[in-house]
Structure formats: structure tokens, C-alpha cells
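Visitor: Line by line, the protein sequences are chains R and B.
If you use the working numbering, the first sequence corresponds to residues 1165 to 1489, in order.
If you use the working numbering, the second sequence corresponds to residues 161 to 490, in order.
Glycine included, C-beta positions come from ideal geometry on N, C-alpha and C.
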Amino acid sequence: MNRRDYLLRKIFFSLVTLAIVVVLNFVLFRVLPGDPVRAVIGRNVRISADTQQALREQFGLDRPVFPDQFLTALGQWSRGNLGVSWSLRKPVGEVLVAKLGNTLLLIGLGQVLSIILGVALGLLAGWKRKTAVDVGALTFSLIAWAIPTFWLGIILLAAGSTWLGLPTGGIVSPSNVGKPLYTVLPDVAHHLILPTLTLTILYMGEYMLIMRSSIMEVLGEDYILTAKAKGMSHWQVLRRHALKNAMLPIVTLIAINLGFTVSGAIYVETVFSYDGLGKMFQTALVKQDYPLLQGAFLLLAVSVILANMLADILYTYLDPRVKAA
Amino acid sequence: MNPRWTLLKRNLLDFWQTFRRNRMGLVGAFLVLTAVLAAVFAPLLSPYTPTETMRDAGGRALTFAPPSVHAPLGTDDAGRDVWTQLVYGARISLTVGFLAGFIAMFIGSLFGITAGYFGGWVDNLLMRITDVLLVIPDLPLILVLVATVRQLDLKVSPLVILVLVIGLLYWTSTARLIRSQVLSIKERQYVYRARAIGAGNWHIVRRHILPQIMPLIVANTVLILSTAILIESGLAFLGLGDPTQPSWGTMLNFAFDRNAVTNGAWWFYLPPGLAIIWATLGCVLLGNVLEEMLNPRLASHHLEGEQSIVTHPPAPFPAREGGVAKSDGG
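(1) If you measure between the beta carbons of B/S393 and B/I326, is that distance less than 8 Å?
(2) Compute the Euclidean distance between the alpha carbons of R/G1274 and R/L1366, then round it to the nearest angstrom.
(3) Output the distance between the C-alpha atoms of B/A359 and B/I273, rounded to the nearest integer angstrom.
(4) Where does the unbroken alpha helix (DSSP H) through B/S269 begin, and where does it stop?
(5) Anyone know if the C-beta pair for R/P1455 and R/W1250 falls short of 8 Å?
(6) Counting only beta-carbon atoms, is R/N1266 nearer than 8 Å to chain B?
(7) I'd like to know whether the C-beta of R/L1321 is nearer than 8 Å to at least one C-beta of chain B.
(8) Look at B/Q209 and B/T244 and say whether their C-beta atoms are less than 8 Å apart.
(9) For R/L1192, decide whether its Cβ has a neighbour in chain B, counting only Cβ atoms nearer than 8 Å.
(10) Comparing the C-beta of R/V1186 with each C-beta of chain B, is any distance below 8 Å?
(11) Between R/F1461, R/I1319 and R/G1272, which lies nearest to B/P300 when the distance is taken from Cα to Cα?
(12) What does DSSP give as the partner residues of B/T213 in its beta bridges?
(13) Nearest by alpha-carbon distance to R/I1271: which of R/M1473, R/D1439 and R/L1482 is it?
(14) Should R/N1472 be flagged as near chain B, meaning a C-beta pair shorter than 8 Å?
(15) Under 6 Å Cβ to Cβ from B/L390, same chain only, skipping five residues before and after it: list those, please.
(16) For a contact meaning CB atoms closer than 8 Å, what does R/A1460 contact in chain D?
(17) Which of the three DSSP states is assigned to B/A435 in this structure?
(18) Quick check: what's the CA-CA separation for B/F166 versus B/Q177?
(19) Give a yes or no on whether the C-beta atoms belonging to R/T1161 and R/A1429 are separated by under 8 Å.
(20) Identify whether B/P227 lies in helix, strand or coil by the three-state DSSP scheme.
(21) Applying a beta-carbon distance threshold of less than 7 Å, which residues of chain R neighbour B/Y208?
(22) Closer than 8 Å, CB to CB, is B/W426 near chain R or not?
(23) If you check the beta carbons only, do B/T334 and B/N380 fall under 8 Å apart?
(24) Any contact between the stretch 283-302 of chain B and the stretch 1464-1475 of chain R? By contact I mean 3 or more CB pairs, one from each, below 8 Å.
(25) Short of 7 Å in beta carbon distance, which residues of its chain neighbour R/L1264, apart from the five on each side in sequence? Order them along the chain.
(26) Under a three-way DSSP split, which group does R/A1323 fall into?
(27) Using the DSSP secondary-structure output, state which residues sit across from B/T235 in a beta bridge.
(28) Going by the CB atoms, is the gap between R/L1422 and R/T1364 shorter than 8 Å?
(29) Any idea what DSSP makes of R/Y1248, helix, strand or coil?
(30) Shorter than 8 Å from the beta carbon of R/W1250 to some beta carbon of chain B?
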């Protein structure tokens, strides 16, 4: 199978996954819970039968669920119309876009820091296998894996606010809202320290483990023995021959981990009252704001699927050995 | 005595001989065992019930009371004993984790064996399903699913919903692992021979494949348990647990919502988290050791040890420098 076929297959698979997510989202929201009009009016039972009927017609609920309603929903979603949030009384799309930047900032910082630290430590641990460094790195990743994210957040929140005087939540102090950028930026950075630290510890363990096993696998290859036989030092072998190849799985891991990244953001934003998508997801859950929940799920799932597709495409260019799945 | 029983006993004894020399495995087994024992004997470990409010002499509730002789881990915002909640919470956390883990293990093994053994379009279909599940972000999916199911107003406990959702979503890694094992086992000579003398699929799977992959399934189940316990704690923290039957995650949800952090009530938010780590770490250590024992990997690599390939340099090497220096001087 050549590269073009491989790419086409990957893209086709991503499209199928997208379709499944869209259908799932539709089924969960429109079919399972029964009548959406009842759900919208909810506690407000004084709406007359005529108004209910009018609402039903307005939403197109008098028409068959499939294909009419499904196609209408599909058309609306593709135009970015995700309905209206019940609790915020604003279009869901608008709410999501407003929170997206904050979340991207937080998880971006966490990812970059954890990749740098994880790759460096994993390289060291795999190279100096079975030494104190390796055992220490393994123990750390093991414990980092077993710690519930939200609990780590709570502990860092308690410790950071008590001993270091760091802010306990939010993105910017209320007193600094609307102040010029040079006052706001340091304040935002101050607020970002604890959530970023939590995410970095959470993400780092896995990068370290993958880098460790990847470097160990590469170091077992014959070309490493050849390079060593030529008289190169360990450091030269690592830098010129091992590192590039060992880094490859990290690329896929970043993409595969996006789902995990999103989970981490939901917990961390909840603990630190960080005004992003994750916190909003949790609020929507508590307030039973289904349009918001569904819209956020659609946005998160679609972004993760597309990012995975991009990573697959990127991978074929990075690793010429890739032929088939 | 039944020969199969003798064989099983000998295998288990052999296994124990190897296992007991592995410190990590013993630590893991200890952690898991103590957590299970605490859950089973919860009523014996505490004189109170988890919902009982402790009061002072004047009848007022002892809220956020620090650890003392009467309440070894202090009390929560309603004056209930934290230690009592912790040991009773073990019942909920472990039960949900174990049930969900076993469902995941069952589905994963079933799909893995089916996909690996039959191959072809069955394999393709099942593996594409696991691919789809791996790509969709799990926590948002779970939250949306649980929220939807709750809206249906079924008369079931939230814990049942949690067990089912976790169990039905976390089988993908098991399925892939089992599949790859079955793929290699089904190509072995004795499977071909069994087929040649007319054994059916069911017989081959049950008598020749299942016994081979059973150890791997056991090891993987222990690992899945840790995931299930961890996921349950997260969902309970987000408020999806059963408030009337608090697990460790629910306790943390209460602690966080009722400002244990700002009240400095560390005895309320530290222990449940440590308990979750206790149980998950135990399962991970035990599972890893079991997997390693049953699945030995590459033992070493080329850059281990000394820089030079010749580890014991012959005598002339150190002498040469001196020789060169001497010739320079002369």
C-alpha cells in the first residue's frame, strides 16, 4: 500500500468517525430523552397546548425524525448553529467560542511543558536503564498515573494558596479586569501557575514512559551497535541516531492523548474555577443544560478527531517507513 | 486425586515461588488486599455509621472538627466521622470499580478472541469499532451519556449507570491485547492438528486458546480495575455519584463543594484521595508484575554498560600513552 492509499484510508476512517459522533449526538439529544419541547419548557408547565404545538412546528418536530429532523440538525450544525443554552440564554456556538481561547492557552502550556520535561526524562531513564534515574522516573510516572487529576489539583490549590499565596481560582483577579495589558498579563500568568502545574504533572508521566520504551527499543537496533562500533560516544549516538527515531511515537501520542488532555482540562478547570470549556462543561452538567452539553461535546469530539487525522498525515511524512496501518 | 487439580496446584505453587520474590508485586498485592479487607469489614473498623452526626456535650454538631481520639480523621461539614465514611466509601468505590472492570474485561476478551480467531471482516469491523472509541474523547462522552440516561428517569441507582457506562466504554485496550495474542496462538501447530482431526471452533477456542490467554486476561483485568476505580472517582467528583452512598470520589465532591480547602480541613480532602491512590496503585503494581511475569520482554539493549564494546581492554592500551610521550621526549 502506498502513501496515497494509506492517507485516503485514514481520512476515510476519520470521516466515518465524525459521522458516528454526529449521529450519536443527534440520537442522544433528539431521540432518547423523548420530546425536546417538553425538555425546553421543563418546569414551565403553564405554556398552553397551542404554544407547545407552535414550538413543535417551529423546531420541525412535527416532521419525521429521520431524515427530515436529522438533516435539519445537520444543516444547522454545519453552519455553527448549535442551539441556545438554557442556563445562559445565549447561542451555544457563541458561548463555546468565547471559552475556547482560555482552554487552548491552559492545555497548550501544559502540553508544551510536559512534552519537554517528559521527553528529556524519558530519554535519560531509557538510556540509563535500571539505574536510580530510571527507577525514580518510573516511580514518578506510576504515582502520577494513580493520582486522580482533580485531587492533585485540590492538593496543589491548598498548598499553593496557603504557602505561596497563589490565587485560588479564576483567570484574572476581579480588581484587574479592564486594566491595561501590562497589569493584566502578569496577573493571568500568576493565575495560570497552579492549573498548568497540575496538567504538566498529569501529562508528563505518559510522555516519559513512551519516550523511555521508545528509546530503549531504538537502542536495541543494529544500527546503534554499528554507530557505537564506529567509536562514537554515547551522547553522539543518542543525538545523531537515536533521538530522531525515538521521538516518532511522541507525535502520535500527542494526538492520541488529546482525549485525555480534554479530560484533564475538565477536572483542572473545575477545581481552579478556570473560565474555559472544561469548567463550562461541568457547569452545563450540573445545571442540566443539554444544548450546551451537546454542543460542547460535538466541538470537543470533532476537534479531537480532526487533530488525530492531522497527526496521521504528519506521521507519514515524518516516518518514511510507514506503509500500512 | 484428579490429575488436572494436581497440575493446577503445581502451577499455582510455581507461580507463587516466582511472585513472592517480586517486591513490587507483593506491595501491590498488599495494597489491594488491605483495601478489600477494609471494605468487607467496614462495620468492625468503626463504631459509628457514615451518616451519624457527632455532637458535643451541648448537642451541637461538631463540624470540621480536627482529628481527635473520638474521630481519628476528624469530621466533615455536617459533623460526620471521616474515617467511617472512608471505610464505608471503600465498599462503593471498589464495588463500582470491580463490576465495571469485569464488564470491560468480559467484552474486551469476547471481542478480542472473536476478532483474532475469525479474522477477515469480523476482525476488521471489531477493530474499527475500537478505533472509533479510542478517538472520541472519553470523559465528555461519558458525561453526555450519563446526563442523557439520567434524563430518562429510569428508576435505577446512579451507581448502576456508572458501572454500565464505564464497563461498556473501557474494553478497547483489552480487546486489542487479547486479539494480538490470539492471532499468534491460532497459527501454532497444535491448533492446526486439532482442526485436522475435526475439532470445531468452539472446542479450539475453549480448550486450546482460552487456557493460553487466561493469564494475560487476569493480568489485564487487574490493570483495568485501576482505570475503573480512577474513572469512578472522577465522575463522582463531578457530581455523578450517589450522594446517599458516597464513594471516595463523592466524598471529595462534598469536600470541595463545601469549602473544606478554605476551611483548612485537610483531614476531609486528603484521606479520600490517598485511598484512591492506595487502591489504584495497588492494582497497577500487581497488574504490571503479573503482565511482566507472563509476558517477558527484551532483556537488555546495546548502550547498556561501558562506553567501549571491548569491556576489558588488553594490556597494551594503557601503556601506549606513556610510550608515545617517551618517544616525543626522545
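Guide: Result, derived from the coordinates:
(1) Between B/S393 and B/I326, the CB-CB gap reaches or exceeds 8 Å.
(2) Linking R/G1274 to R/L1366 through their CA atoms gives a straight-line distance of about 9 Å.
(3) 17 Å
(4) V242 to F278
(5) yes
(6) no
(7) yes
(8) Looking at the sequence shown, residue 209 of chain B is not Gln but Thr. Cβ distance < 8 Å, so B/T209 and B/T244 count as in contact.
(9) yes
(10) no
(11) Selected option, being the one with the closest Cα: R/F1461.
(12) B/R240
(13) R/D1439
(14) yes
(15) T440
(16) Among the chains of the structure shown, chain D does not appear; the protein chains present are R and B.
(17) helix
(18) A small correction: the amino acid at residue 166 of chain B is Thr; Phe does not occupy that position in the sequence shown. Approximately 16 Å, taken between the alpha carbons.
(19) Past the boundaries of the shown model lies residue 1161 of chain R; chain R is included only from 1165 to 1489, so the question cannot be answered.
(20) In the structure shown, B/P227 sits in coil (DSSP, three-state: anything other than H, G, I, E or B).
(21) Within chain R, no residue comes near B/Y208; the closest Cβ sits about 24 Å away, beyond 7 Å.
(22) yes
(23) yes
(24) The stretch 283-302 of chain B is in contact with the stretch 1464-1475 of chain R.
(25) L1441
(26) helix
(27) B/D241
(28) Cβ distance not < 8 Å, so R/T1364 and R/L1422 don't count as in contact.
(29) The sequence as given places Val at residue 1248 of chain R; Tyr does not occur at that position. Reduced to three states, the DSSP call for R/V1248 is strand.
(30) no
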